[in-house]
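These protein sequence lines map, in sequence, to chains D and H.
Heads up: the first sequence begins at 145 in the working numbering, then just goes up one per residue.
Heads up: the second sequence begins at 7 in the working numbering, then just goes up one per residue.
Even for Gly, the Cβ is constructed at its ideal location relative to N, Cα and C.
Keep in mind that this is a model prediction, so the values were computed, not measured.
This report refers to the structure that appears directly beneath it.
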Amino acid sequence: MTEKKRPINRLKSMYPLRGLIDGMYRQGLSAAAEGKPVAWCMVNWWQGDPILKAMDVATIYPEDYGAVCAAFGAAQGYLERSAADGFPSHMCGYARNCLGYTGRMMDAGGIPEEAPMGGMPRPTLLLGSGSLCDARYKWFQSLGRYFDAPLWVLELPHPGVKEGLTPGAHETNISFIVAQLGEFVTFLENLLGKKMNRDRLDEITTDTVEMNNWWHKVNELRRARPGPMHSRDFWSSMPASLYMAADPGQTAGLYRRMYDEIKERVDNKVSAINTTEKYRLAFLELPPWHSLGFFDKLAERGWNFVIESWAYHPPRPIDLNGVTDPLERLARYSYHWLTGYYRQAYDAGEWWGYFAYPYLEYVRDYQCDGVVLHPLLSCRTATNHLTLVADRLMKKLKVPSLVIEGDIVDLKLFDPAGALTKAETFEETMDHYKKVRKEAGFSW
Amino acid sequence: MAEEKGLARARAVYRNRRHRAEELKAAGKKVIGYLCAYPPLEMMTALDIVPFRLLGDINEPISKADSCLPSVVCPFIRSTLDLGLKQRYEFLDGVVMAHSCDVAEKTAHIWNIYLKPDYFHFIDTPHTAGPSAVAQHRGLLAAFGKTLEELAGKKITTRSLKEAIKLHNRQRALVRQLYSFRKPDPPLISGVETLQVMVALMSLPVTEGNELLEEVINEVSRRQDSPPQKKARLLVWGSILDNTSLIEMMEGLDASLVMDDTCVGSRFFWPDVELTEDPLDGLARRYLVDVKCPRTFRQTNDGGKTKDYRADLEARFGYLKEYARDWNVQGVVLQSLRYCDIHGYEVPQVKDYLKGLGLPSIYIEHDYQQTAMAPLKTRIQAFLEILDRG
Numbered sequence: 145m146t147e148k149k150r151p152i153n154r155l156k157s158m159y160p161l162r163g164l165i166d167g168m169y170r171q172g173l174s175a176a177a178e179g180k181p182v183a184w185c186m187v188n189w190w191q192g193d194p195i196l197k198a199m200d201v202a203t204i205y206p207e208d209y210g211a212v213c214a215a216f217g218a219a220q221g222y223l224e225r226s227a228a229d230g231f232p233s234h235m236c237g238y239a240r241n242c243l244g245y246t247g248r249m250m251d252a253g254g255i256p257e258e259a260p261m262g263g264m265p266r267p268t269l270l271l272g273s274g275s276l277c278d279a280r281y282k283w284f285q286s287l288g289r290y291f292d293a294p295l296w297v298l299e300l301p302h303p304g305v306k307e308g309l310t311p312g313a314h315e316t317n318i319s320f321i322v323a324q325l326g327e328f329v330t331f332l333e334n335l336l337g338k339k340m341n342r343d344r345l346d347e348i349t350t351d352t353v354e355m356n357n358w359w360h361k362v363n364e365l366r367r368a369r370p371g372p373m374h375s376r377d378f379w380s381s382m383p384a385s386l387y388m389a390a391d392p393g394q395t396a397g398l399y400r401r402m403y404d405e406i407k408e409r410v411d412n413k414v415s416a417i418n419t420t421e422k423y424r425l426a427f428l429e430l431p432p433w434h435s436l437g438f439f440d441k442l443a444e445r446g447w448n449f450v451i452e453s454w455a456y457h458p459p460r461p462i463d464l465n466g467v468t469d470p471l472e473r474l475a476r477y478s479y480h481w482l483t484g485y486y487r488q489a490y491d492a493g494e495w496w497g498y499f500a501y502p503y504l505e506y507v508r509d510y511q512c513d514g515v516v517l518h519p520l521l522s523c524r525t526a527t528n529h530l531t532l533v534a535d536r537l538m539k540k541l542k543v544p545s546l547v548i549e550g551d552i553v554d555l556k557l558f559d560p561a562g563a564l565t566k567a568e569t570f571e572e573t574m575d576h577y578k579k580v581r582k583e584a585g586f587s588w
Numbered sequence: 007m008a009e010e011k012g013l014a015r016a017r018a019v020y021r022n023r024r025h026r027a028e029e030l031k032a033a034g035k036k037v038i039g040y041l042c043a044y045p046p047l048e049m050m051t052a053l054d055i056v057p058f059r060l061l062g063d064i065n066e067p068i069s070k071a072d073s074c075l076p077s078v079v080c081p082f083i084r085s086t087l088d089l090g091l092k093q094r095y096e097f098l099d100g101v102v103m104a105h106s107c108d109v110a111e112k113t114a115h116i117w118n119i120y121l122k123p124d125y126f127h128f129i130d131t132p133h134t135a136g137p138s139a140v141a142q143h144r145g146l147l148a149a150f151g152k153t154l155e156e157l158a159g160k161k162i163t164t165r166s167l168k169e170a171i172k173l174h175n176r177q178r179a180l181v182r183q184l185y186s187f188r189k190p191d192p193p194l195i196s197g198v199e200t201l202q203v204m205v206a207l208m209s210l211p212v213t214e215g216n217e218l219l220e221e222v223i224n225e226v227s228r229r230q231d232s233p234p235q236k237k238a239r240l241l242v243w244g245s246i247l248d249n250t251s252l253i254e255m256m257e258g259l260d261a262s263l264v265m266d267d268t269c270v271g272s273r274f275f276w277p278d279v280e281l282t283e284d285p286l287d288g289l290a291r292r293y294l295v296d297v298k299c300p301r302t303f304r305q306t307n308d309g310g311k312t313k314d315y316r317a318d319l320e321a322r323f324g325y326l327k328e329y330a331r332d333w334n335v336q337g338v339v340l341q342s343l344r345y346c347d348i349h350g351y352e353v354p355q356v357k358d359y360l361k362g363l364g365l366p367s368i369y370i371e372h373d374y375q376q377t378a379m380a381p382l383k384t385r386i387q388a389f390l391e392i393l394d395r396g
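Below you can see the structure in the form of C-alpha cells.
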C-alpha cells in the first residue's frame, strides 16, 4: 500500500525552526521558575529584542500566544473572559485572548491549567511597540488592571512617503529611534540593576542581521516555478525571526539549511504542493490559525501560495558597514524594514509605502495569478489597506483578489465551507485575467 | 447667515459648515482641512490660512468609501472619507493629517491616493510623550511649517506664530468661560448648544470664532430661556461626537449634559499653548503632551520596578475627577464608536477609575448612524433610573 501524499509538501528544514518557538515557551517558564526576568513583548521588528537578549531577559510574545491558543482551541474561553471584564468584542483577538488569559492567571494564582504550551509565566516587564497598530501599546497598558509589571513602549516613525523622503527626514528619524532605544536601555538597567553589555549587544545585532539575510534569501528563492515553499511553511518558520525565538546565530544556521533545501527543490523543479501548480497566489495578511487545513483543500485544487504578509517578512538587505554603535544599527535596520520600499513607491506614484505598495512588487516578482485577502473582523491594521491593495493590483497588474473574511483567533468568524465555494468560482476569474495580462503584454 | 448672532449663528454654521469657508475661499483665502485634534492650527493661522476641521455626517449613508476603506474600521473616519469622495470638501486647498490613531494614519494615505489634494501633508505624531518624543514632534512641526510656507508663498515668522498662538489661546479661554456656564443647576447652556458652538468654531477662522464666542457668552450670561432643570447631571466621555443626535437623545430624557471629554469639546480646547521663546517648543508640547487623548502613551513608571495601577489611573484620568467635582457630575456616559481601539482598551480602566471616585458609569457603543440611537436611548434611560435610585 502506498502512502497518500499530503496536499502540501512541507519542508523538512521548517520543523527545527518551528521547534524554536516551543523552546521559547520552555525557556520563559524556566527563567520564571529560577527567578530570572521575563518580558512579555510585542513584535518590535528587531528594535528591542536584541537589547533584551543582551540583558539576559527571557522573552515571550502574547501575539504568538494568541495564535497558539487559537490553534489549540483554547482561545474561546479567554475571549469570553475578556468580554466579561468589559473589553469590547470588536478589538484585537490576540489582545482579548491575552487579557482573558491574564485574568484567568491572576484568579488561579499562577498559570491556568488549561493553558497550551505550558502557558506564559507572569512577566517582570512589558515591552510595547508603537509600530503598525495602536493595540500593541494600548493592550499592554490595559494589563495594568491585572498585575504591576512596568511597561515600556518603543517608537518607530511611520512617515508618509513624501515626508519620509524629504531631505534630512531619514536621519532625524534615526536619531529619534536611537534616543528612544537609549532611554529603553536606561529603563532596563534601572529595573534589572545591572549595566548593558555593549559587546554582547554588538554580537547579537550582527547575528540578527545575518539571520534575517538568510531568511530573505530563502524567500527570494520562492519566485521559482513551481513555487518551492508554501505560505504554511513561511508562517511556521517566520516566528523564529520575528520573535527571535533563539540565539540569532543559531537561527541563521537553520534558515541557511532551509535555503539549501529550497535551492535543491528549485534546481529539481519540486513544487510545494503535490498537485500541478495551476495558480500562484499571495495571501494577505494573517491566516485563520484555527483552520489552516483550509489551505490543504486549496492545494488539492492546484493553488500554491508563493508569497504573503509583508509585515512578517524580513527587510531587504541593507549595508550597515561603518555603523559601529549597535543601537544605531538596530535603529537603521528597523526603520529600513518599515520604509525600505519608499523610494520605489514614490517613483510609482504610490503614497502608502509600507503595507500597501510592497504587494505591487511581490505580486509582480512572484508572478501571482490571484491574491486572497483575509480581512480580520477584529484587526484594523491587517485590514485597512486590503481594499486599496486589491484596487492597485487590478489597475496596475491586472491581478484579481478574493476576499475571505475571518479572524485570527475567533473561529466563529470564519466560514471554511463558504470560503471554499468562493475559491472555486475565483478560479474562473484568475483564468480570465491570465488572458487579460497576456494580451496586455505582462510576462505571466 | 451673517446677520445672525450668538447661538443662532453657531447653529447656522453647525448646520451648513462649509458656507463660510466657501465664502472665504471665493474671497481669495486658502482653506486647509485637518483631521482630528493633532495638526497645530496656529501654524495655519500664522500664514492667514483658514483651518477647517474634517468631520463626517451621521445622516449620510456611507457608499463611496467602501471602494477604498473596509467596513471594519472607524465609522467616523469612513464617513469623513466618504464625504471627501463625494466632493463635499472640494473647496479645500488641501489637507493636513496626523498619526492620531492607526486608522487615521492609514486613511491619510488613502485620502492622498484617491482624492489627490493639491496640498497634502502628514504629521507622524509620536505615540509617547517623553523628552525625545517632544523633540521629534517639534522637528515634525517645523517640517510641516515649511510645506505650509510653500503653499502660502510666505514665511512663518516668530512674531506671526506668537500672534496666532495668542488668538487660539484666547479662543480656548473663551471656550472654558463658556463651559463655566454649564456649572450652575440648571446649566445656562445645553449640551446640544455647546456642541453646535464647538463645531462652528472648527468651521471658522479663529478671529471669527472668537467673535462668535464673545456673542454667545454675552447672550448666555443674560439669557432668560436657559435649559430646564433635570434630575441627572452627566459627563460624556469617549471618541468623537461631531453631531448633536446622541446628546439630544440624552437631554431629551431627564438629564443635562454638563461636561464632556471628547475631541470636539473640552479635549480639543482645554490646554493652552505655552508662549515659549521659540513658539514651536510650546506647540510641540501642547499638541503631543497636553491634549489628553488616550492615543498618547504616558509613562508613569519611570525609574520604578513596578507599576502602581491606581497611580497610573490618576495620572491618566485625574482631570475627570476635577470635571466631576467642578461641574457637579452625577454619572458618566462612556461612549465609543465601534472599532475605535484607542477608546475600547480604555473603557474598563476608566470605569475602574470612576468606580474609585464613586461615580456611576455606563458604556455604550455606536456605529455613527442616526438609526443607532433608539436602542441606546433605552440603555441611557435605565442608567438614569439607576442614578435616580442613588
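Out of the options, state which residue places its alpha-carbon closest to the alpha-carbon of residue i.
i         : options                                       : result
H:Arg-228 : H:Gln-202, H:Met-256, H:Phe-128 and H:Leu-194 : H:Leu-194
H:Arg-304 : D:Glu-307, D:Val-410 and D:Gly-274            : D:Gly-274
D:Pro-392 : D:Arg-150, D:Leu-164, D:Arg-581 and D:Ile-406 : D:Leu-164
D:Tyr-506 : D:Leu-532, D:Glu-452 and D:Leu-530            : D:Glu-452
D:Leu-555 : D:Leu-436, D:Asn-465 and D:Arg-536            : D:Leu-436
D:Ala-390 : D:Lys-148, D:Arg-162, D:Ser-157 and D:Leu-155 : D:Arg-162
D:Cys-277 : H:Glu-111, H:Lys-122, H:Leu-154 and H:Glu-169 : H:Glu-111
D:Phe-378 : D:Thr-330, D:Thr-468, D:Tyr-456 and D:Tyr-169 : D:Tyr-456
H:Pro-354 : D:Arg-344, D:Ser-522 and D:Leu-287            : D:Leu-287
D:Lys-441 : D:Tyr-238, D:Gly-253 and D:Lys-566            : D:Lys-566
D:Lys-361 : D:Arg-424, D:Pro-461 and D:Ala-313            : D:Pro-461
H:Leu-326 : H:Tyr-315, H:Lys-357 and H:Ile-348            : H:Lys-357
H:Gly-90  : H:Gly-39, H:Pro-132, H:Tyr-369 and H:Asp-284  : H:Gly-39
Tell me whether residue i is buried or exposed, calling it buried when 16 or more other Cβ atoms sit within 10 Å of its Cβ.
i         : result
H:Thr-86  : buried
D:Arg-366 : buried
D:Ala-228 : exposed
D:Arg-342 : exposed
D:Tyr-577 : buried
H:Pro-137 : exposed
H:Asn-224 : exposed
D:Glu-572 : exposed
H:Arg-23  : buried
Give every residue of the same chain whose Cβ lies closer than 8 Å to the Cβ of residue i, excluding the five residues on either side of it in the sequence, and list them in chain order.
i         : result
H:Leu-218 : Gly-12, Arg-15, Ala-16, Val-19, Val-203, Ala-206, Leu-207 and Leu-210
D:Glu-421 : Arg-369, Pro-370, Gly-371, Ser-415, Gly-446 and Asn-448
Identify, in the order they occur along the chain, each residue of the same chain with its Cβ nearer than 7 Å to the Cβ of residue i, setting aside the five sequence neighbours on each side.
i         : result
H:Ala-330 : Leu-241, Leu-363 and Leu-365
D:Trp-358 : Ala-396, Tyr-399, Arg-400 and Tyr-403
D:Glu-444 : Pro-151 and Thr-419
D:Glu-326 : The question names Glu, yet the displayed sequence has Gly at residue 326 of chain D. Result list for D:Gly-326: Leu-471, in chain order.
H:Phe-126 : Gly-100, Val-101 and Asn-118
D:Ala-475 : Ile-318, Ile-321, Val-322 and Leu-325
Between which two residues does the beta strand (DSSP E) harbouring residue i extend?
i         : result
H:Ile-129 : 125-129
H:Met-103 : 100-104
H:Tyr-369 : 367-372
D:Thr-468 : That residue, D:Thr-468, is in no beta strand (DSSP E); it is neither H nor E in DSSP.
D:Thr-310 : From DSSP, D:Thr-310 is part of no beta strand (DSSP E); its letter is neither H nor E.
H:Arg-239 : 238-244
D:Phe-284 : Counting along the chain, D:Phe-284 falls outside any beta strand (DSSP E), though it belongs to the alpha helix (DSSP H) covering 279-286.
CB-CB under 6 Å to residue i, same chain, minus the five flanking residues each way: which ones, in chain order?
i         : result
H:Arg-239 : Ser-262, Val-264, Asn-334, Val-335 and Gln-336
D:Ala-176 : Val-182 and Pro-265
So the alpha helix (DSSP H) residue i belongs to, where does it begin and stop?
i         : result
H:Asp-358 : 347-363
Within 8 Å of chain H by C-beta, residues of the segment 281-296 of chain D in sequence order: Tyr-281, Lys-282, Trp-283, Gln-285, Ser-286, Gly-288, Arg-289, Asp-292, Ala-293, Pro-294, Leu-295 and Trp-296
Contacting positions in the segment 525-546 of chain D - beta carbon closer than 8 Å to chain H: Thr-525, Thr-527, Asn-528, His-529, Leu-530, Thr-531, Leu-532 and Asp-535
Contacting positions in the segment 279-297 of chain H - beta carbon closer than 7 Å to chain D: none
Near-chain H residues of the segment 318-334 of chain D - C-beta to any C-beta below 7 Å: Phe-320, Ala-323, Gln-324, Glu-327 and Asn-334
Near-chain H residues of the segment 223-241 of chain D (beta-carbon distance less than 8 Å), N- to C-terminal order: Asp-229, Gly-230, Phe-231, Pro-232, His-234, Met-235, Cys-236 and Ala-239
Within 8 Å of chain D by C-beta, residues of the segment 102-118 of chain H in sequence order: His-105, Cys-107, Asp-108, Val-109, Glu-111, Lys-112, Thr-113, Ala-114, His-115, Ile-116 and Asn-118
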